[in-house]
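Below is one structure, written out as structure tokens; the observations come after it.
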Amino acid sequence: MRTAEFDREQVLEAAMEVFCKKGYVKTTMQDLKEATGLHPGSIYCAFKNKRGMLLAALNQFIQSRWRQSQLCLDSDDPLDGIQCYLHQLVEKLCMHHPHCLLSRTVADFSAVDSDIRDALEQPWQELLQRLEKSLVKAQQQGILKPAVSPRDGAWLLLVSVFGLRGFPSFMADAKSLHASIDLQINLLRSE
Numbered sequence: 001m002r003t004a005e006f007d008r009e010q011v012l013e014a015a016m017e018v019f020c021k022k023g024y025v026k027t028t029m030q031d032l033k034e035a036t037g038l039h040p041g042s043i044y045c046a047f048k049n050k051r052g053m054l055l056a057a058l059n060q061f062i063q064s065r066w067r068q069s070q071l072c073l074d075s076d077d078p079l080d081g082i083q084c085y086l087h088q089l090v091e092k093l094c095m096h097h098p099h100c101l102l103s104r105t106v107a108d109f110s111a112v113d114s115d116i117r118d119a120l121e122q123p124w125q126e127l128l129q130r131l132e133k134s135l136v137k138a139q140q141q142g143i144l145k146p147a148v149s150p151r152d153g154a155w156l157l158l159v160s161v162f163g164l165r166g167f168p169s170f171m172a173d174a175k176s177l178h179a180s181i182d183l184q185i186n187l188l189r190s191e
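Numbering (UniProt numbering), first residue to last: 1 to 191.
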């Protein structure tokens, strides 16, 4: 049997768009065929099934977003880095990606599939740890309010991230969302 040749990253990007737009349950193999240009046999050969394609798309989504977030979160001023990361989320929400693959998949699966649940939980845990690490750094630099524990602050920010990713695109007012991020960071920053 001949192996299908295609740009895996490009195919998974197209699959992500469909899964984000329609959700896993409503996405058909015909939708994936049209979006990716692959025949169902090639999809089955490369990913085993629709679920396998979703897991591969989730993994690519997570890796790509993680690389993008690192650029901001590695800032010398950790609060500025967090602020940059949150502003990027708003830009994606308002401009490019009104649906988040992670949030959409959580809504579709709600803890019924352990492999998908694990794939979804890992990036949130990693982000929580990264946010806490940034807030520990901010605390050491004396720029985090003394009353804010890095762990609690990280949870606050994680809830904000999840809220932004699930925010309805029809209500996405970039100016207001950016202002709310600035307010949140200012509430964390010591005077």
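Just so it is clear, CB atoms sit at the ideal spot from N, CA and C, and this is done for glycine as well.
Keep in mind the model is a prediction, meaning the values are calculated, not measured.
Asked, Found
"Assuming contact is defined by CB atoms lying nearer than 8 Å, are Leu79 and Ile185 in contact in what I supplied?", "yes"
"Closer than 7 Å to a non-hydrogen atom of the ligand GTP - does that hold for the CB of Ile62?", "This structure lacks the ligand GTP; in fact it carries no ligand of any kind."
"Between the stretch 71-85 and the stretch 138-153, do three or more beta carbon pairs fall short of 8 Å?", "yes"
"Applying the 10 Å Cβ sphere with the 16-neighbour rule, what's the burial state of Tyr50?", "According to the sequence shown, residue 50 is Lys rather than Tyr. Its Cβ being crowded by 16 or more others within 10 Å, Lys50 is buried."
"If you draw a straight line from the C-alpha of Lys175 to the C-alpha of Gly166, how long is it?", "18 Å"
"Could you tell me which residues DSSP puts in a beta bridge with Arg189?", "Leu144"
"At the level of alpha carbons, what is the spacing between Lys92 and Trp124?", "18 Å"
"If we call anything under 8 Å between Cβ atoms a contact, is Phe19 one with Leu54?", "yes"
"Return the first residue and the last residue of the alpha helix (DSSP H) that Leu58 is part of.", "50-73"
"Compute the Euclidean distance between the alpha carbons of Ala57 and Leu120, then round it to the nearest angstrom.", "12 Å"
"Between the C-alpha atoms of Leu187 and Gln83, what's the straight-line distance to the nearest angstrom?", "12 Å"
"Could you tell me the alpha carbon to alpha carbon distance between Arg189 and Arg117, rounded to whole angstroms?", "34 Å"
"Which of the three DSSP states is assigned to Lys175 in this structure?", "helix"
"What is the residue span of the alpha helix (DSSP H) that Thr36 lies within?", "29-36"
"From this set, Gln63, Lys137, Ser134, Arg130, which residue's C-alpha is nearest Glu13's C-alpha?", "Gln63"
"Is the CB-CB distance between Leu101 and Tyr85 below 8 Å?", "no"
"Report all residues from its chain with a CB closer than 6 Å to the CB of Glu126; omit the five preceding and five following residues, and keep chain order.", "none"
"State the Cα-Cα distance for the pair Thr27 and Thr105, rounded to the nearest angstrom.", "12 Å"
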